[in-house]
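Enquirer: First the structure, then my questions, so here it is.
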Amino acid sequence: MSRGKPSAEGARPHGFPGGRDQNFLTRRSPVAIAKYLPLFKIRICGLITFSAVVGFVAAQSGDFSASTMFFLVVATMLASMGASAFNHYFDRDIDTVMERTRGRPLPSRELAGSAPVFLIAAALFLLSLLVSVKALNYMVALHLALGAFTYAFIYTVWLKRRSWLNIIIGGLAGSFAVLAGGASVHPELCMPPLLLAVVMFFWTPSHFWSFAIFHREEYARAGIPMLPVVIGDARTAVYILVNTVLLVVSSLIPFFLGYNGLLYLAAAVAVGVYFIFWNVQLLMTPTREVAWKNFKISMMYLGVLFGAVIIDSAL
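Going by this note's numbering, the sequence shown opens with residue 453, and the numbers climb by one from there.
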């Protein structure tokens with residue numbers, strides 16, 4: 453299998469800064485700025501930030517601090533956006549190969565140079581650390597740094613093009629966001645955010661492998677060894693089901709350890725059973741359509757589960 457060597461002609465090599473956008477500093481119109489917005493994958497960064505807020509809520513044991521939550525949101529968004537921009541920068545070669553990513557700012561050449569994207573990524577990451585250290589604490593900074601490093605370097609640079617384990621290990625980035633939220637309340641490691649970080653860890657493969665089944669042909673064309681490319685859709689569906697069972701079991705632990713109440717339990721069981729049901733459908737019919745349904749349900753699952761954490765904590 454090709455590792456990081458897409459076959460499409462004209463694909464630009466990845467690497468570190470090269471190709472300056474000569475007009476970067478002078479393009480200040482709203483239209484020019486808007487060209488950079490897709491670099492930040494706002495919905496994904498928003499999900500990561502929401503996970504940090506859930507960690508913050510789960511760690512509450514006293515007075516709620518709105519200012520702490522505000523700075524946590526800012527710091528997490530900055531770190532996530534920086535990691536996302538770096539992903540766009542580093543993957544600009546394979547993004548030219550896959551149809552779904554061909555329209556991104558760099559492969560489409562809507563942005564004339566890649567160096568500014570690298571600089572933006574670095575600046576956002578450093579701003580995140582600055583906000584964390586000055587307004588929160590060093591443990592928040594550490595967890596956000598580990599999350600950004602995991603996504604940008606462990607996943608994007610090292611594993612994505614080399615191993616089907618890419619998304620399992622890369623998924624730790626979301627877990628670190630939950631831990632950052634907990635650390636904003638208690639710098640020392642505390643159990644409720646840790647348990648939710650485990651939930652996030654198990655959620656990511658079930659979520660992304662469904663997505664990868666839907667886009668398997670594109671990943672194969674780009675030489676990316678996502679699990680469906682390596683073992684096929686049918687066997688991947690088995691892995692998804694096994695992983696989701698582990699996910700649902702892990703989601704029940706906070707209740708049985710006394711950290712969440714009956715409302716959380718009811719939500720965890722209901723969405724867990726629904727998610728497993730659709731995993732079984734995918735196992736029986738491993739098609740792109742059913743995989744996409746599973747992908748959408750995985751988003752609903754996490755939203756309901758984490759929403760239940762917030763509501764349960766408020767009761």
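Cβ atoms here follow ideal geometry from the backbone N, Cα and C, with glycine treated the same way. Note that the coordinates shown come from a computational prediction; the quantities given were computed from them, not determined experimentally.
Going residue by residue through the stretch 509 to 571, where are the continuous alpha helix (DSSP H) segments of at least 4 residues, counting only ones entirely within it?
Expert: Counting whole runs of 4 or more residues, the stretch 509 to 571 contains the alpha helix (DSSP H) stretches 518 to 542 and 544 to 547.
Enquirer: Provide the residue span of the alpha helix (DSSP H) that contains residue 659, from first to last.
Expert: Where residue 659 is concerned, the enclosing alpha helix (DSSP H) stretches over 643 to 666.
Enquirer: Do three or more CB pairs link the stretch 577 to 591 to the stretch 544 to 555 at distances below 8 Å?
Expert: With a cut-off of 8 Å, the stretch 544 to 555 and the stretch 577 to 591 do not count as touching, because too few Cβ pairs lie within range.
Enquirer: Between residue 515 and residue 652, what straight-line distance do the alpha-carbon atoms span, to the nearest angstrom?
Expert: Taking the straight line from one Cα to the other gives about 26 Å.
Enquirer: Please tell me whether residue 683 has its Cβ less than 9 Å away from any Cβ of chain B.
Expert: As a matter of chain content, chain B is missing from the structure shown, which is built from one protein chain.
Enquirer: Please report the Cβ distance between residue 537 and residue 491, rounded to the nearest whole angstrom; I am assuming they are in contact, meaning their Cβ atoms lie under 8 Å.
Expert: The Cβ separation is near 5 Å, so the contact holds.
Enquirer: What residue range is occupied by the uninterrupted alpha helix (DSSP H) comprising residue 597?
Expert: That run of the alpha helix (DSSP H) goes 590 to 601.
Enquirer: Taking buried to mean at least 16 other C-beta atoms within 10 Å of its own C-beta, is residue 737 buried or exposed?
Expert: Exposed.
Enquirer: How about residue 654 and residue 747: are their beta carbons less than 9 Å apart?
Expert: No, Cβ-Cβ distance for residue 654 and residue 747 is not below 9 Å.
Enquirer: Counting pairs of beta carbons, one from the stretch 516 to 528 and one from the stretch 591 to 610, are three or more of them closer than 8 Å?
Expert: Yes, since at least three Cβ pairs between the stretch 516 to 528 and the stretch 591 to 610 fall closer than 8 Å, the two stretches touch.
Enquirer: Thinking just about the alpha-carbon of each residue, which of 638, 591, 590 and 534 is nearest to the one in residue 497?
Expert: Comparing Cα positions, the closest option is 534.
Enquirer: Within 10 angstroms of its Cβ, does residue 493 collect 16 or more other Cβ (buried), or is it exposed?
Expert: The residue in question, residue 493, is buried, as its Cβ has 16 or more Cβ neighbours within 10 Å.
Enquirer: Can you tell me which of 640, 555, 573 and 602 puts its alpha carbon nearest to the alpha carbon of residue 591?
Expert: For residue 591, the nearest C-alpha among the options comes from 640.
Enquirer: With distances taken Cα to Cα, identify the nearest neighbour of residue 679 among 657, 634 and 757.
Expert: Of the candidates 657, 634 and 757, the one whose C-alpha sits nearest the C-alpha of residue 679 is 657.
Enquirer: Contact check, residue 511 vs residue 626 under 8 Å by CB: the rounded distance?
Expert: Contact flag wrong, Cβ pair sits at about 17 Å.
Enquirer: State the DSSP-derived secondary structure class of residue 678, mapped to helix, strand or coil.
Expert: Coil.
Enquirer: In its own chain, which residues sit with a C-beta less than 6 Å from the C-beta of residue 604, not counting the 5 before and 5 after it?
Expert: Excluding sequence neighbours, residue 604 sits near 535 and 538.
Enquirer: Using CA atoms only, rank isn't needed, just tell me which of 620, 555, 642 and 691 is closest to residue 732.
Expert: Comparing Cα positions, the closest option is 691.
Enquirer: Roughly how many whole angstroms lie between the Cα atoms of residue 504 and residue 630?
Expert: Answer to the nearest angstrom: the Cα atoms are 4 Å apart.
Enquirer: Looking at the unbroken alpha helix (DSSP H) that takes in residue 741, where does it start and where does it end?
Expert: 740 to 766 is the extent of the alpha helix (DSSP H) around residue 741.
Enquirer: Three or more beta-carbon pairs under 8 Å between the stretch 669 to 686 and the stretch 752 to 763, yes or no?
Expert: Too few Cβ pairs lie closer than 8 Å, so no.
Enquirer: Starting from residue 490 and walking both ways along the alpha helix (DSSP H), at which residues does that stretch end?
Expert: Premise fails: residue 490 is in no alpha helix (DSSP H) and is neither H nor E.
Enquirer: Compute the beta-carbon to beta-carbon distance between residue 581 and residue 569, rounded to the nearest angstrom, for a pair I have assumed lies under 8 Å.
Expert: Between residue 569 and residue 581 the Cβ distance is about 19 Å, and since that is not below 8 Å, they are no contact.
Enquirer: Report the CB separation of residue 704 from residue 720 in whole angstroms; it is logged as a contact under 8 Å.
Expert: Confirmed, Cβ separation roughly 6 Å.
Enquirer: With distance defined between alpha-carbon atoms, name the residue in 618, 560, 632 and 765 nearest to residue 706.
Expert: Comparing Cα-Cα distances from residue 706 to each of 618, 560, 632 and 765, the minimum goes to 765.
Enquirer: So what does DSSP say about residue 586, is it helix, strand or coil?
Expert: In this structure, residue 586 counts as helix in the three-state DSSP scheme.
Enquirer: Cutting at 7 Å between CB atoms, please list the residues of its own chain near residue 487, excluding the five before and the five after it.
Expert: Contacts found: 557, 562 and 563.
Enquirer: By a C-beta neighbour count over all protein chains shown, 10 Å radius and 16 as the cutoff for buried, is residue 750 buried or exposed?
Expert: Flag for residue 750 reads buried.
Enquirer: Looking at the secondary structure, which residues open and close the alpha helix (DSSP H) in which residue 689 lies?
Expert: 685 to 708 is the span of the alpha helix (DSSP H), which, as asked, contains residue 689.
Enquirer: Just tell me which of 520, 517 and 571 has its CA closest to the CA of residue 542.
Expert: If we check each option's Cα against that of residue 542, 571 comes out closest.
Enquirer: With DSSP collapsed to three states, give me the class of residue 730.
Expert: Residue 730: helix per DSSP, three-state reduction.
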